[in-house]
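**Student:** The structure that follows is given in the form of structure tokens.
In the numbering used here, the protein residues as written are 1 to 289.
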């Protein structure tokens with residue numbers, strides 16, 4: 001069974017960092033020989049992780065080692081999560097989206113799900129996708145909605161029932177879109193990426209796979225899948241100065257309670273803490289990067 005893990009990838013220098021300061025340039029962190037420790041240069045601070053990667057590591061390699069096992073778990077009917085977490089300009093979007101020459105962890109996952117769907121007998125596997133933003137004011141924006149009028153700023157509540165998540169439903173008012181091919185899935189993802197105004201917002205992409213009995217089988221008439229699972233992929237920022245104070249308090253409160261191993265953790269104060277409840281609590285198999 002897949003165990004949740006925390007991994008890191010060193011962010012490369014940004015163009016303005018290179019142009020505004022003379023070289024040679026050196027990262028402020030160093031990865032240990034075992035590939036599981038990161039040290040801060042010039043200090044005695046060392047942090048342990050399940051795995052650590054330099055900025056030169058291909059995203060496809062990270063996906064194969066740490067995200068593909070999540071995909072296999074999802075196909076067995078269990079909800080899973082991929083959480084890209086860090087401060088502003090930490091490389092969260094790049095890790096998830098990648099670039100044309102190097103697809104990120106989200107397109108690699110959607111393509112793998114699509115290939116699996118296409119490899120199964122017709123009508124026995126379906127795939128739905130959805131994507132939305134949770135803004136600092138707690139409103140929700142559907143970035144995969146084709147109709148700009150309906151895209152809006154919704155006040156939909158988070159649905160915390162794991163059974164609903166297995167069907168790809170997480171927030172009221174966000175519709176999952178059924179796709180029938182790799183091309184359609186990637187086109188929807190590109191459309192969502194074009195709505196790239198998610199600074200100071202949390203982005204969530206859901207991919208749901210449902211297994212159905214063959215159309216000729218009696219079980220098919222029930223209208224219910226034999227098996228279903230959802231992978232939640234999200235880009236979550238650390239609280240930044242000037243962010244919504246209620247949102248900062250909710251996020252920091254959860255982190256402090258988990259660190260102190262308190263018996264009760266208050267997840268209900270914000271949508272993002274509700275969305276990530278099962279990842280932070282260890283219920284949902286998760287890769288944090």
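Note that beta-carbon positions come from the ideal geometry of N, C-alpha and C, so glycine has one too.
Nothing here was measured: the structure is a model prediction, and the numbers come from that model.
Hey, how far is the Cα of residue 253 from the Cα of residue 135?
**Tutor:** 19 angstroms
**Student:** Would the beta-carbon of residue 250 fall within 8 angstroms of that of residue 281?
**Tutor:** no
**Student:** In the DSSP assignment, what are the bridge partners of residue 55?
**Tutor:** None, per the DSSP bridge assignment.
**Student:** Select from 211, 92, 191 the residue whose C-alpha is nearest the C-alpha of residue 122.
**Tutor:** Comparing alpha-carbon positions, the option among 211, 92, 191 lying closest to residue 122 turns out to be 211.
**Student:** Can you tell me whether DSSP reads residue 193 as helix, strand or coil?
**Tutor:** In this structure, DSSP gives residue 193 a helical state, which the three-state scheme calls helix.
**Student:** By alpha-carbon positions, which one of 285, 273, 278 ends up nearest to residue 138?
**Tutor:** 273
**Student:** On the CB-based measure, 16 or more other CB atoms within 10 Å of its CB, does residue 82 come out buried or exposed?
**Tutor:** buried
**Student:** What's the C-alpha gap between residue 191 and residue 44?
**Tutor:** 45 angstroms
**Student:** With H, G and I counted as helix, E and B as strand and the rest as coil, what does DSSP make of residue 178?
**Tutor:** strand
**Student:** Whole angstroms are fine: how far does the CA of residue 277 sit from the CA of residue 100?
**Tutor:** Residue 100 and residue 277: Cα-Cα distance of roughly 33 angstroms.
**Student:** Which first and last residues belong to the beta strand (DSSP E) in which residue 84 is found?
**Tutor:** 80-86
**Student:** Under 8 angstroms, do residue 312 and residue 185 count as touching if we go by C-beta distance?
**Tutor:** Because the chain spans 1 through 289 in this model, residue 312 falls outside it and cannot be assessed.
**Student:** Any contact between the stretch 78-96 and the stretch 34-43? By contact I mean 3 or more CB pairs, one from each, below 8 angstroms.
**Tutor:** no
**Student:** Please report the straight-line C-alpha distance between residue 229 and residue 78, rounded to a whole angstrom.
**Tutor:** 5 angstroms
**Student:** From the DSSP secondary-structure annotation, give me the bridge partner or partners of residue 103.
**Tutor:** 98
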